[in-house]
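Asker:
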Amino acid sequence: MWNFCEEEGPHSDQVLMSPTRTHLFLAVLFVSAMSDAGSAEPSSAGETAIEECPALKDITVLTYNIAWGGDGGKNLESIQRWITGFGKGFDVIALNECNAMDKNGKLQSFAEASGFSFSVLLRARTGYHLGIMSQRPILVNQTKAHPYHHGLLEVETFGVRFLVTHLSPASSDARLAECMDLSSRISELTVEGVPTILLGDLNTLSPLDKEQHIASHLAQSLAANDRLKKKFLRQGAAGLEIDYRPMQTLLDAGFLDLSLADDSHRPGSTDGARCDLDPEEKGSGSSACTVPTLNHLDPMHAAQMRLDYTLGNAHAHARTACRSVTVRDSRTDVNSDHYPVRAVLAQSLSAGHACARTSTAFVSEHLVLDPAP
99 MWNFCEEEGP HSDQVLMSPT RTHLFLAVLF VSAMSDAGSA EPSSAGETAI
149 EECPALKDIT VLTYNIAWGG DGGKNLESIQ RWITGFGKGF DVIALNECNA
199 MDKNGKLQSF AEASGFSFSV LLRARTGYHL GIMSQRPILV NQTKAHPYHH
249 GLLEVETFGV RFLVTHLSPA SSDARLAECM DLSSRISELT VEGVPTILLG
299 DLNTLSPLDK EQHIASHLAQ SLAANDRLKK KFLRQGAAGL EIDYRPMQTL
349 LDAGFLDLSL ADDSHRPGST DGARCDLDPE EKGSGSSACT VPTLNHLDPM
399 HAAQMRLDYT LGNAHAHART ACRSVTVRDS RTDVNSDHYP VRAVLAQSLS
449 AGHACARTST AFVSEHLVLD PAP
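Here the numbering used here is used: the first residue of the sequence shown is 99, the next is one more, and so on.
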């Protein structure tokens, strides 16, 4: 039986389709989608289906740089076992460095083995591809190459807009250009009232961590290496200093750091149960650093730093059930050279967005996309 899920309001004529059964797209939908999202390779070419509205639930989100496609694939099975064995479970996972996972359906296989029915991979010209996996259908809103070093993937799932990126490792000037483009987009989405979360390895340091940086003499440590100096520092009035401009640009545009969310007043958190941290999950301070791990693959991770973030606009931040935390355990110590970061969004976040909205965007179980210019 076909089940339609429609949303009231300005998008009431838009229907989300997802797989309980499959049918062929109309040709006009396929052509329009291709122009919006770039070239696509669906796992079941031209197929989609329809699903009932999902029940409201907390949304557990993870961002994870899996290091060169799981170190050339060697660590993918271990990462998959960690995902499926994580007690709280995940609804959405953003992935950085999905190297070579655009070939032979590798991301699809990884997603399905990890318990996800939907995935999108964005090919990066650098080979450091971006990915996202979800338990619910994924609407591709847009993709971009310029000015991003590895690209930008913008999707909607669970009624939340997710921006997935991996910012430049070269210099803070390059990241500043990327963050200026991101700030323009987040301003648009905030004005439109869209709950939005930015996920990924942003390769940048936050002024919100400045006290920890001063206490650990981080600027001095970075200055000792020419590549690290170029990546993170700038010349200030008193000498070399950490260049916080990229992250400050995002904060000034309205992004809020979900690691600083106050659990005590979040919706539905009165019993505190869903915000209890596992012993090895860390929310703030030096323990929140996402690099290095014990799997020290990258010489640019020469000091403890927080480079991976979950940032939300005001609409998302107001519905953050628990602050985001860095997940450290015996598996994440060695699965990658980055630790993953987890956040939980409250049920009420999707109350007005029970089903993701769609018009001409391509919806399928698994997609591989090339970015728009």
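The C-beta atom is built at its ideal place from N, Cα and C for all residues, glycine as well.
Are the beta-carbon atoms belonging to residue 267 and residue 301 less than 7 angstroms from one another?
Answerer: Taking the sequence shown and counting its residues from 1, one reaches residue 267 at position 169. Taking the sequence shown and counting its residues from 1, one reaches residue 301 at position 203. Yes, they are a contact pair.
Asker: Using CA coordinates, which residue listed in 255, 248 and 435 is at the minimum distance from residue 265?
Answerer: Against the sequence shown, residue 265 aligns to sequence position 167. Selected option, being the one with the closest Cα: 248.
Asker: Measuring only the C-alpha atoms, how far is residue 470 from residue 280?
Answerer: Indexing the sequence shown from 1 puts residue 470 at position 372. Indexing the sequence shown from 1 puts residue 280 at position 182. Answer to the nearest angstrom: the Cα atoms are 16 angstroms apart.
Asker: Tell me the residue span of the beta strand (DSSP E) that contains residue 163.
Answerer: Position 65 of the sequence shown, counting from 1, holds the residue named residue 163. Per DSSP, residue 163 belongs to the beta strand (DSSP E) from 157-163.
Asker: Tell me, which residues are paired with residue 420 by DSSP?
Answerer: Reading the sequence shown from its first residue, position 322 is the one you call residue 420. 442.
Asker: If residue 305 sits next to residue 345, beta carbons under 8 angstroms apart, how far is it from one beta carbon to the other, in whole angstroms?
Answerer: Along the sequence shown, one-based indexing puts residue 305 at 207. Along the sequence shown, one-based indexing puts residue 345 at 247. That pair is a contact at about 6 angstroms.
Asker: Going by Cα to Cα distance, which pick from 333, 464, 218 and 233 is closest to residue 263?
Answerer: For the purposes of this step, residue 263 is identified with residue 165 of the sequence shown, where counting begins at 1. The shortest C-alpha separation from residue 263 is found at 218.
Asker: Ordered along the chain, which non-local residues of its own chain (more than five positions away) have a Cβ less than 6 angstroms from that of residue 232?
Answerer: By 1-based counting over the sequence shown, the position of residue 232 is 134. 190, 216 and 255.
Asker: Please classify residue 182 as buried or exposed, where buried requires at least 16 neighbouring CB atoms within 10 angstroms.
Answerer: Here residue 182 refers to the residue found at position 84 of the sequence shown. So residue 182 counts as exposed.
Asker: Would you report the Cα separation of residue 141 and residue 333, rounded to the nearest angstrom?
Answerer: For this step, residue 141 is matched to residue 43 along the sequence shown. For this step, residue 333 is matched to residue 235 along the sequence shown. Legend: pLDDT at residue 141 = 43, less than 50; position of this residue unreliable, value from coordinates given subsequently. Their Cα atoms are separated by approximately 49 angstroms.
Asker: Are there 16 or more other CB atoms within 10 angstroms of the CB of residue 473, so buried, or fewer, so exposed?
Answerer: Since the first and last residues shown for the chain are 99 and 471, residue 473 lies out of range.
Asker: Count the other C-beta atoms from every protein chain shown that fall within 10 angstroms of the C-beta of residue 422, then say buried if there are 16 or more, exposed otherwise.
Answerer: As a working mapping, residue 422 is identified with position 324 in the sequence shown. Flag for residue 422 reads buried.
Asker: Taking residue 472 as part of the alpha helix (DSSP H), name the residues at either end of that continuous run.
Answerer: The structure shown has nothing for residue 472, since the chain only spans 99 to 471.
Asker: If you follow the beta strand (DSSP E) that residue 388 is part of, which residue opens it and which one closes it?
Answerer: Within the sequence shown, the letter at position 290 stands for residue 388. Careful: residue 388 lies outside any beta strand (DSSP E) and carries neither H nor E.
Asker: Measure the CB-CB distance between residue 197 and residue 167 and report whether it falls below 7 angstroms.
Answerer: One-based indexing of the sequence shown puts residue 197 at position 99. One-based indexing of the sequence shown puts residue 167 at position 69. Yes.
Asker: Can you look up residue 194 in the DSSP assignment and give me helix, strand or coil?
Answerer: As a working mapping, residue 194 is identified with position 96 in the sequence shown. Of the three classes helix, strand and coil, the one that applies to residue 194 here is strand, per DSSP.
Asker: Please identify the residue among 409, 431, 435 and 161 whose C-alpha is closest to the C-alpha of residue 400.
Answerer: Position 302 of the sequence shown holds residue 400. Nearest to residue 400 by C-alpha distance, out of 409, 431, 435 and 161, is 435.
Asker: Taking just the CA atoms, how far does residue 171 sit from residue 410?
Answerer: Reading the sequence shown from its first residue, position 312 is the one you call residue 410. Reading the sequence shown from its first residue, position 73 is the one you call residue 171. The C-alpha of residue 410 lies about 31 angstroms from the C-alpha of residue 171.
Asker: Would a check of beta-carbon distances place residue 162 closer than 7 angstroms to chain B?
Answerer: The structure shown has no chain B; it contains just one protein chain.
Asker: Which of the three DSSP states, helix, strand or coil, is assigned to residue 403?
Answerer: Reading the sequence shown from its first residue, position 305 is the one you call residue 403. If DSSP states are grouped into helix, strand and coil, residue 403 belongs with the strands.
Asker: Rounded to whole angstroms, how far is the Cβ of residue 343 from the Cβ of residue 237, which I believe are closer than 8 angstroms?
Answerer: Taking the sequence shown and counting its residues from 1, one reaches residue 343 at position 245. Taking the sequence shown and counting its residues from 1, one reaches residue 237 at position 139. Their Cβ separation, rounded to whole angstroms, is 32 angstroms, which puts residue 343 and residue 237 out of contact at 8 angstroms.
Asker: If you drop the 5 nearest sequence neighbours on each side, which residues of the same chain put their C-beta closer than 7 angstroms to that of residue 325?
Answerer: In the sequence shown, counting from the first residue as 1, residue 325 sits at position 227. Only 398 meet the Cβ criterion.
Asker: Terminal residues of the continuous alpha helix (DSSP H) containing residue 278?
Answerer: Within the sequence shown, numbered from 1, the residue matching residue 278 stands at position 180. Here the alpha helix (DSSP H) through residue 278 covers 270-289.
Asker: Can you tell me which of 443, 253, 424 and 204 puts its alpha carbon nearest to the alpha carbon of residue 412?
Answerer: By 1-based counting over the sequence shown, the position of residue 412 is 314. It is 443.
Asker: Using only the alpha-carbon positions, how far apart do residue 358 and residue 220 sit?
Answerer: Residue mapping note: residue 358 aligns to position 260 of the sequence shown, counting from 1. Residue mapping note: residue 220 aligns to position 122 of the sequence shown, counting from 1. Their Cα atoms are separated by approximately 30 angstroms.
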